[in-house]
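Colleague: Going line by line, the protein sequences match chains A and B.
In our numbering, each number is its position in the first sequence, counted from 1, plus 2.
In our numbering, each number is its position in the second sequence, counted from 1, plus 2.
Every residue, glycine too, gets a C-beta built ideally from N, C-alpha and C.
Before we start, here is the structure in question, set down as structure tokens.
2 protein chains.
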Amino acid sequence: MAKADNGSEQEGGAIRRRNEQAILAAAERVFARHGYRGASVQEIAEQAGLPKSNVLYYMGSKRRLYVRLLEQVMERWNAMLDDISADDDPAEVLSAFIRSKMWMSRRYPEGSRLFASEIIGGAPFLQEFLSGELRDWVHSRAAVFRQWAERGLMDPVDPVWLIFLIWSSTQHYADFEAQVRGITGHEALSDEDIERITEFLTRVVIKGCGVKHPADRAPADEASLTER
Amino acid sequence: MAKADNGSEQEGGAIRRRNEQAILAAAERVFARHGYRGASVQEIAEQAGLPKSNVLYYMGSKRRLYVRLLEQVMERWNAMLDDISADDDPAEVLSAFIRSKMWMSRRYPEGSRLFASEIIGGAPFLQEFLSGELRDWVHSRAAVFRQWAERGLMDPVDPVWLIFLIWSSTQHYADFEAQVRGITGHEALSDEDIERITEFLTRVVIKGCGVKHPADRAPADEASLTER
DNA sequence: CTAATTCTTGACCGTGTGGTCAGCTTTGGC
DNA sequence: GCCAAAGCTGACCACACGGTCAAGAATTAG
């Protein structure tokens, strides 16, 4: 009957699930390091501890494996797409945004590099996603940022460039890890390093965009003095 | 006698210079797009309008061609290494730094992507450079930034994270050009777009790091609200 | 003009590529 | 214990890879 041609279901026997997991993990590393063309099924198989034929048995083809990996990465990304509204506190939203992107860079550096490699290569597999879903996401956020600016909660900066700034400065620590390591001299960044970088970026962005607390704006209620 | 094994000299006949130039330009594109492993000499040859044998005749090997390209990119980069001192105006230096990096991203996007691809792949050819020359450069700049902070000319931010912030946010527009295009919807960014982005980044960095003009420092005006 | 040098390139080589397949073993429901 | 389904994999294929080479063509120096 062979209904093996599933795209994203997570069913299947325990053996299948275990092997697919090993293959996906290995493939994420290899594709991230060498790009789509530069990666070889042989190397992925070796890193997964399986014969090459077995990798093809589970994944069908190199192309299908790559697409499935990209979908997995985008899925993680989409899990971050919580909604915001113009009534939220800009400082809190931006801070949470930076923190979660930074956390993603730390948690899934290979995934970040895989994505980066795909984009640098001209996004042959992700063009639709970029000019579709992602474009909509960015512009919906941009609209909120603009409302904040109109209400005087932040400077009237272009929201799209701001989003790019946050993306690039956070992903840098995953994508250019080799450069960061070489320059800092550390084998790897510690949790405290990451925390300090997060605070630095948050501070620069919030201060640099003139973000104000909602309470500081008008003599309305001041119940939101919160913590700090 | 065959003294063809030159590394960086620019001599040679007119024919040689012309063909080498075509090969280097084509190789920059192809290596940037597919990475070292993913690029093929055949494709480089086609883009240069030469038979494959001819490419090997001039460049010796794929590896040697790649190394030579990296050297060329680093040479451009080194041309930007003008010296700064603690007596300079921080705002001017940071502004010029951002502007020149932004200009590099616009002028040599393929070179930027080539470099990025090398770093994402673990910097197999550039590790020495990263932990040597580049490390020294960063730390000499960092020392100046720190002096500025001690003199009260800017907030005491970690200079290394600041340099990474500027690098990443400017290179983004070369390396992730495909993403920028997809999201903005524009076929390419205009000169005015680049100028506005440069101004935005400069503004956020300078304001975000609390950079002051040297003259504004001495009088005890209302600079005290920067503390918290 | 001649001779040395540089340039050009198709044919070729060994190797690694993504992918197929037949035949085997293992697993799991009944 | 049976047996269909799932899992496994070495052998194999056509092809593209980086690189070599020899022999001819174009250029240049004397």
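Between the segment 116-126 of chain A and the segment 179-194 of chain B, can you find at least three pairs of beta-carbon atoms closer than 8 Å?
Modeller: The segment 179-194 of chain B is in contact with the segment 116-126 of chain A.
Colleague: Consider the Cβ of residue 228 of chain A: report whether some Cβ of chain B lies at a distance smaller than 9 Å.
Modeller: Numbered from its first residue, the first sequence carries residue 228 of chain A at position 226. The pLDDT assigned to residue 228 of chain A is 45, lower than 50, so where the model puts this residue is not dependable; a value taken from the coordinates is nonetheless given after this. Not one chain B Cβ lies under 9 Å of residue 228 of chain A.
Colleague: Using 9 Å as the limit for Cβ to Cβ distance, is residue 99 of chain A near chain B?
Modeller: The residue labelled residue 99 of chain A in the question sits at position 97 within the first sequence. Not an interface residue.
Colleague: Using only the alpha-carbon positions, how far apart do residue 26 of chain B and residue 176 of chain B sit?
Modeller: Reading the second sequence from its first residue, position 24 is the one you call residue 26 of chain B. Reading the second sequence from its first residue, position 174 is the one you call residue 176 of chain B. Approximately 19 Å, taken between the alpha carbons.
Colleague: For chain A, is any of its Cβ atoms less than 9 Å away from the one on residue 225 of chain B?
Modeller: In the second sequence, residue 225 of chain B corresponds to position 223, counting from 1. Residue confidence is low: residue 225 of chain B scores 44 on pLDDT, short of 50, so the model does not pin down where it sits. Its coordinate-derived value is still stated next. Answer no: the Cβ-Cβ gap between residue 225 of chain B and chain A never drops below 9 Å.
Colleague: Under 9 Å, Cβ to Cβ, is there at least one residue of chain A near residue 125 of chain B?
Modeller: As a first step, residue 125 of chain B must be located in the second sequence, where it is residue number 123. Yes, residue 125 of chain B counts as interfacial toward chain A.
Colleague: Strictly below 7 Å CB to CB, what residues from chain A border residue 93 of chain B?
Modeller: For the purposes of this step, residue 93 of chain B is taken as the residue at position 91 of the second sequence. Per Cβ cutoff of 7 Å: no residues; residue 93 of chain B is ~13 Å from chain A at best.
Colleague: Taking a Cβ distance cut-off of 8 Å, strictly less, list which residues of the segment 15-39 of chain A are near chain B, in chain order.
Modeller: If the cut-off is 8 Å between Cβ atoms, the segment 15-39 of chain A has 34, 35, 36, 37, 38, 39 near chain B.
Colleague: Between residue 43 of chain B and chain A, is any beta-carbon pair separated by less than 9 Å?
Modeller: Taking the first residue of the second sequence as position 1, residue 43 of chain B is located at position 41. Chain A, which has no Cβ nearer than 9 Å to the Cβ of residue 43 of chain B, makes this no.
Colleague: Pull up the distance between the alpha-carbon of residue 94 of chain B and that of residue 150 of chain A, whole angstroms please.
Modeller: As a first step, residue 94 of chain B must be located in the second sequence, where it is residue number 92. As a first step, residue 150 of chain A must be located in the first sequence, where it is residue number 148. Approximately 30 Å between the Cα atoms of the pair.
Colleague: Taking only runs that begin and end inside the segment 24-73 of chain B, name each unbroken alpha helix (DSSP H) of 4 or more residues, in chain order.
Modeller: 43-50, 54-61, all fully within the segment 24-73 of chain B.
Colleague: Distance cutoff 9 Å, beta carbons only. Does residue 159 of chain B sit that close to anything in chain A?
Modeller: Here the question's residue 159 of chain B lines up with position 157 in the second sequence. Yes, because at least one Cβ of chain A sits closer than 9 Å to the Cβ of residue 159 of chain B.
Colleague: Going along the chain, which residues of its own chain have a beta-carbon closer than 7 Å to the beta-carbon of residue 9 of chain B, five neighbours each way excluded?
Modeller: If you number the second sequence from 1, residue 9 of chain B lands on position 7. For residue 9 of chain B, the pLDDT reaches just 38, beneath the cut-off of 50, and the residue's location in the model is therefore unreliable, although a value from the coordinates is still provided. Counting only Cβ-Cβ distances below 7 Å, and skipping sequence neighbours, we find nothing.
Colleague: Per DSSP, what kind of secondary structure is residue 159 of chain A in: helix, strand or coil?
Modeller: Residue mapping note: residue 159 of chain A aligns to position 157 of the first sequence, counting from 1. Coil.
Colleague: Does DSSP classify residue 176 of chain B as helix, strand or coil?
Modeller: Here the question's residue 176 of chain B lines up with position 174 in the second sequence. Helix at residue 176 of chain B.
Colleague: Using a cut-off of 7 Å between C-beta atoms, extract the partners of residue 186 of chain A located in chain B.
Modeller: In the first sequence, residue 186 of chain A corresponds to position 184, counting from 1. Going along chain B in sequence order, the residues near residue 186 of chain A (Cβ under 7 Å) are 162.
Colleague: How would you list, in chain order, the residues of chain A whose beta-carbon sits under 8 Å from the beta-carbon of residue 113 of chain B?
Modeller: Here the question's residue 113 of chain B lines up with position 111 in the second sequence. Those within 8 Å of residue 113 of chain B in chain A number zero; the least Cβ separation is about 12 Å.
Colleague: Please list the partners that residue 119 of chain A has in chain B, where partner means a Cβ-to-Cβ separation under 8 Å.
Modeller: Position 117 of the first sequence, counting from 1, holds the residue named residue 119 of chain A. 37, 119, 122, listed in chain order.
Colleague: Less than 9 Å between the beta carbons of residue 162 of chain A and residue 146 of chain A, yes or no?
Modeller: Translated into positions along the first sequence, residue 162 of chain A becomes position 160. Translated into positions along the first sequence, residue 146 of chain A becomes position 144. No. Outside cutoff.
Colleague: Would you kindly work out how many angstroms separate the C-alpha atoms of residue 187 of chain A and residue 133 of chain B, rounded to a whole number?
Modeller: Numbered from 1 along the first sequence, position 185 holds the residue referred to as residue 187 of chain A. Numbered from 1 along the second sequence, position 131 holds the residue referred to as residue 133 of chain B. Using only the alpha carbons, I get a separation of about 7 Å.
Colleague: Does the beta carbon of residue 169 of chain B sit closer than 9 Å to a beta carbon anywhere in chain A?
Modeller: Taking the second sequence and counting its residues from 1, the one referred to as residue 169 of chain B is at position 167. It does: the Cβ of residue 169 of chain B has a partner Cβ on chain A nearer than 9 Å.
Colleague: Mapping the DSSP letters down to three states, classify residue 191 of chain A as helix, strand or coil.
Modeller: Numbered from its first residue, the first sequence carries residue 191 of chain A at position 189. The answer is coil: DSSP assigns residue 191 of chain A none of H, G, I, E or B.
Colleague: In the DSSP assignment, find the unbroken alpha helix (DSSP H) run with residue 114 of chain A in it and report its ends.
Modeller: Position 112 of the first sequence, counted from the first residue, corresponds to residue 114 of chain A. Note, residue 114 of chain A: alpha helix (DSSP H), 111-122.
Colleague: CA-CA distance, residue 49 of chain B and residue 28 of chain B?
Modeller: The residue you call residue 49 of chain B lines up with position 47 of the second sequence. The residue you call residue 28 of chain B lines up with position 26 of the second sequence. Straight-line Cα distance between these residues: approximately 6 Å.
Colleague: What first and last residue would you give for the alpha helix (DSSP H) that runs through residue 135 of chain B?
Modeller: Residue numbering aside, residue 135 of chain B sits at position 133 when the second sequence is read from its first letter. No alpha helix (DSSP H) contains residue 135 of chain B, which DSSP labels as neither H nor E.
Colleague: What's the gap between the Cα of residue 164 of chain B and the Cα of residue 156 of chain B?
Modeller: Reading the second sequence from its first residue, position 162 is the one you call residue 164 of chain B. Reading the second sequence from its first residue, position 154 is the one you call residue 156 of chain B. Computed Cα separation, rounded: 12 Å.
Colleague: Rounded to whole angstroms, what is the Cα-Cα separation between residue 211 of chain B and residue 209 of chain A?
Modeller: Reading the second sequence from its first residue, position 209 is the one you call residue 211 of chain B. Reading the first sequence from its first residue, position 207 is the one you call residue 209 of chain A. The alpha-carbon atoms of residue 211 of chain B and residue 209 of chain A are separated by roughly 8 Å.
Colleague: At 7 Å on the CB atoms, spell out the chain B contacts of residue 193 of chain A, in chain order.
Modeller: As a first step, residue 193 of chain A must be located in the first sequence, where it is residue number 191. What residue 193 of chain A touches in chain B: nothing, since even the nearest Cβ is about 15 Å away.
Colleague: Given a cut-off of 9 Å, decide if residue 206 of chain B and residue 57 of chain A are closer than it, judged by their beta-carbon atoms.
Modeller: Here residue 57 of chain A is taken as the residue at index 55 of the first sequence, counted from 1. Here residue 206 of chain B is taken as the residue at index 204 of the second sequence, counted from 1. No; because the gap between Cβ atoms is not below 9 Å, this pair is not in contact.
Colleague: Which residues in chain B have a C-beta closer than 8 Å to the C-beta of residue 203 of chain A? List them in chain order.
Modeller: Numbered from its first residue, the first sequence carries residue 203 of chain A at position 201. Near residue 203 of chain A (Cβ distances below 8 Å), the residues of chain B are 163, 167.
Colleague: Determine whether the beta carbon atoms of residue 171 of chain B and residue 178 of chain A lie at a separation below 9 Å.
Modeller: Indexing the second sequence from 1 puts residue 171 of chain B at position 169. Indexing the first sequence from 1 puts residue 178 of chain A at position 176. Going by C-beta atoms, residue 171 of chain B is not nearer than 9 Å to residue 178 of chain A.
Colleague: Return the CA-CA distance between residue 44 of chain B and residue 42 of chain A, expressed in angstroms with no decimal places.
Modeller: If you number the second sequence from 1, residue 44 of chain B lands on position 42. If you number the first sequence from 1, residue 42 of chain A lands on position 40. When rounded, the distance between both Cα atoms is 19 Å.
Colleague: Taking the C-alpha atoms as reference points, what is the distance between residue 53 of chain B and residue 192 of chain A?
Modeller: Translated into positions along the second sequence, residue 53 of chain B becomes position 51. Translated into positions along the first sequence, residue 192 of chain A becomes position 190. Cα-Cα distance, rounded: 50 Å.
Colleague: Using the Cα positions of residue 227 of chain A and residue 201 of chain A, report the straight-line distance between them to the nearest angstrom.
Modeller: On the first sequence, residue 227 of chain A is found 225 positions in, with the first residue counted as 1. On the first sequence, residue 201 of chain A is found 199 positions in, with the first residue counted as 1. Caution is warranted here: a pLDDT of 45 is assigned to residue 227 of chain A, below 50, making its placement in the model unreliable, and no coordinate value can be reported.
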